[in-house]
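Participant:
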Amino acid sequence: MAQRSSKRSSSRSILPTVLTYIGLAIGLVFAGFPILWMFFSSLKSNTEIFALPPKLLPDVYTFIAYASIFDDPVKIRFFINSYIVAGVVTLLTLLVAIITAYGFSRYAFRFKNTLNIFIISTQTVPPITLLIPYFGMVVAFGIFDTYFALILTYLVFTLPYAILLMTGYLNTLPKELDEAVLVDGGTSWTALWRVIVPVSVPGIVATAVYTFLLSWNEFLFALTLTKSMDLRTVPIGIQLLMGQHAFEWNEMMAMSVLGSLPLLLLYLFAQRYFLAGMTSGSVKS
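Residue numbers for the sequence shown follow my numbering, beginning at 12 and rising by one.
1. Just list the residues that DSSP pairs F258 with in beta bridges.
2. What does the alpha-carbon distance come out to for the pair I60 and P246?
3. Can you tell me whether I33 is buried or exposed, with buried defined as 16 or more other CB within 10 angstroms of its CB?
4. Let me see if you follow: with CB-CB separation under 8 Å, is L105 close to chain D or not?
5. What runs of the alpha helix (DSSP H), each 4 residues or longer, lie entirely inside the segment 45-115?
6. Starting from P213, trace the alpha helix (DSSP H) both ways and give me its first and last residue.
7. Throw me the rounded Cβ distance for the L236 and F146 pair, which I believe falls under 8 Å.
8. For the alpha helix (DSSP H) that S132 lies in, which residues bound it at each end?
9. Which one of N228, V85, A173, T28 has the shortest CA to CA distance from A219?
10. Report yes if the CB atom of S211 is closer than 8 Å to the CB atom of L181, and no otherwise.
11. Starting from the C-beta of V100, find all residues in its chain whose C-beta is less than 7 Å away, skip the five residues before and the five after it, and write them out in chain order.
12. For P213, count neighbouring Cβ atoms within 10 angstroms of its own Cβ and tell me buried if that reaches 16, exposed if not.
13. Closer than 8 Å is the cut-off here; do at least three beta carbon pairs connect the segment 71-84 with the segment 131-147?
14. Just to confirm my understanding: we take M49, look at its own chain, exclude 5 residues before and 5 after, and list those with CB closer than 7 Å. What are they?
15. Using a 10 Å radius around the Cβ and a threshold of 16 neighbouring Cβ atoms, would you call I25 buried or exposed?
16. Less than 7 Å between C-beta atoms, sequence neighbours within five positions excluded: which residues of the same chain meet that for V85?
17. Would you kindly report the start and end of the unbroken alpha helix (DSSP H) that includes A202?
18. In chain order, what residues of the same chain lie with their CB nearer than 7 Å to the CB of A112, ignoring the 5 residues before and after it?
19. How far does the alpha helix (DSSP H) with I162 in it extend, from its first residue to its last?
20. Taking the straight line between their C-alpha atoms, what separation do you get for V29 and G38?
21. Keeping to the same chain, check which residues put their C-beta closer than 8 Å to that of W204; ignore five residues upstream and five downstream.
22. Could you round the C-beta distance between L188 and A202 to whole angstroms and report it? I think they count as a contact, below 8 Å.
The structure is reproduced here in structure tokens:
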């Protein structure tokens, strides 16, 4: 009887593990298969993509779609624009978020809770509802079809979450770090940039990755607030490959692959810091 009960208990303990692995395998297929299809489709000719029955692997591997992108200065410009906008937005977001989060984390001041509630409430507003008001403001200020319009708009959406994330991370750092600098004759500004920032690398990296991802992938405002080809970003460039009578599917897939590479490399190199930064803020608030 004891052996039977032990076997039953062991089988019960194994069952959740098996079900977990099955669920993870199913999730991996659903998440990974579209990426594989996108990659192999970029190595097909546009004619082969429409072949029936559809096949994952191409009969003939070709880089004609990638050559078409690299030989076209307009398409290269899409990537340059995305790098400029996403890079500037990330740097400005980090600068403002670090300073603001330090104030929220280390100081008690009037209307602090009200400001926190306001920052959190901005995350509940669907961005699409702000499209027409922002378009009107951009046109009124005379900055339509400029980098400045995109950067300023993206900052509005990246800053609230970045401030919340950095505040949560700085709350996990002991205030004795700041006090030690003040005892040595330093200022709060010195404590922030010489002590707090160097030990906050995981939180900063997590914020930077989130901000860059959001800015790089944004489509709606980039489409609405720009009109010239010199300012279009990668998501808009992919959409422009959808012609009136024909779709350049292989070029769309190739540009999607090239557009995904910076995000993939950024996450792979910063994965350790990113995970640490995302979880540390939940330890202490």
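Built from N, CA and C at the ideal position, the CB exists for glycine as well.
Facilitator: According to the data block:
1. Taking the sequence shown and counting its residues from 1, the one referred to as residue 258 is at position 247. BP columns for F258 point to M253.
2. Stepping through the sequence shown from its first residue, residue 60 is reached at position 49. Stepping through the sequence shown from its first residue, residue 246 is reached at position 235. If you take the alpha carbons of I60 and P246, they lie about 21 Å apart.
3. For the purposes of this step, residue 33 is identified with residue 22 of the sequence shown, where counting begins at 1. I33 is classed as exposed because its beta carbon has fewer than 16 other beta carbons within 10 Å across all chains shown.
4. Considering every chain present, this structure includes no chain D. It has just one protein chain.
5. Note on the segment 45-115: whole alpha helix (DSSP H) runs with a minimum of 4 residues are 57-60, 75-81, in chain order.
6. Against the sequence shown, residue 213 aligns to sequence position 202. According to the DSSP assignment, P213 belongs to the alpha helix (DSSP H) that extends over 212-228.
7. Position 225 of the sequence shown, counted from the start, is the residue given in the question as residue 236. Position 135 of the sequence shown, counted from the start, is the residue given in the question as residue 146. L236 to F146, Cβ: 7 Å. Contact.
8. Stepping through the sequence shown from its first residue, residue 132 is reached at position 121. Taken as a continuous stretch (DSSP letters only), the alpha helix (DSSP H) holding S132 covers 123-133.
9. Working through the sequence shown from its first residue, we reach residue 219 at position 208. Nearest to A219 by C-alpha distance, out of N228, V85, A173, T28, is A173.
10. The residue labelled residue 211 in the question sits at position 200 within the sequence shown. The residue labelled residue 181 in the question sits at position 170 within the sequence shown. Against a cut-off of 8 Å, the Cβ pair of L181 and S211 comes out as a contact.
11. Sequence index remark: in the sequence shown, residue 100 carries index 89 (1-based). Same-chain partners within the cutoff: I162, Y165, L166, T169, T222, S226.
12. Residue mapping note: residue 213 aligns to position 202 of the sequence shown, counting from 1. By the neighbour-count rule (16 or more Cβ atoms within 10 Å), P213 is buried.
13. Two segments are said to touch when three or more pairs of C-beta atoms, one from each, lie closer than 8 Å; by this definition the segment 71-84 does not touch the segment 131-147.
14. Here residue 49 is taken as the residue at index 38 of the sequence shown, counted from 1. Taking M49 as the centre and dropping the five residues before and after it, the same chain places the C-beta of M264, S267, V268 closer than 7 Å to its C-beta, in chain order.
15. Here residue 25 is taken as the residue at index 14 of the sequence shown, counted from 1. Using a 10 angstroms sphere on the CB of I25, the tally of other CB atoms stays under 16, which defines it as exposed.
16. Working through the sequence shown from its first residue, we reach residue 85 at position 74. Within its own chain, the residues whose Cβ lies closer than 7 Å to the Cβ of V85, once the five positions on either side in sequence are excluded, are M240, listed in chain order.
17. For the purposes of this step, residue 202 is identified with residue 191 of the sequence shown, where counting begins at 1. Per DSSP, A202 lies in no alpha helix (DSSP H) segment and is marked neither H nor E.
18. Here residue 112 refers to the residue found at position 101 of the sequence shown. Sequence-distant Cβ neighbours of A112 in its own chain, meaning closer than 7 Å and more than five residues away, are I174, M177, T178, L181.
19. Locating residue 162 in the sequence shown gives position 151, where the first residue counts as 1. Start and end: 158-181.
20. Working through the sequence shown from its first residue, we reach residue 29 at position 18. Working through the sequence shown from its first residue, we reach residue 38 at position 27. V29 and G38 have their C-alpha atoms some 14 Å from each other.
21. The residue labelled residue 204 in the question sits at position 193 within the sequence shown. There are no such residues.
22. Within the sequence shown, numbered from 1, the residue matching residue 188 stands at position 177. Within the sequence shown, numbered from 1, the residue matching residue 202 stands at position 191. Confirmed, Cβ separation roughly 7 Å.
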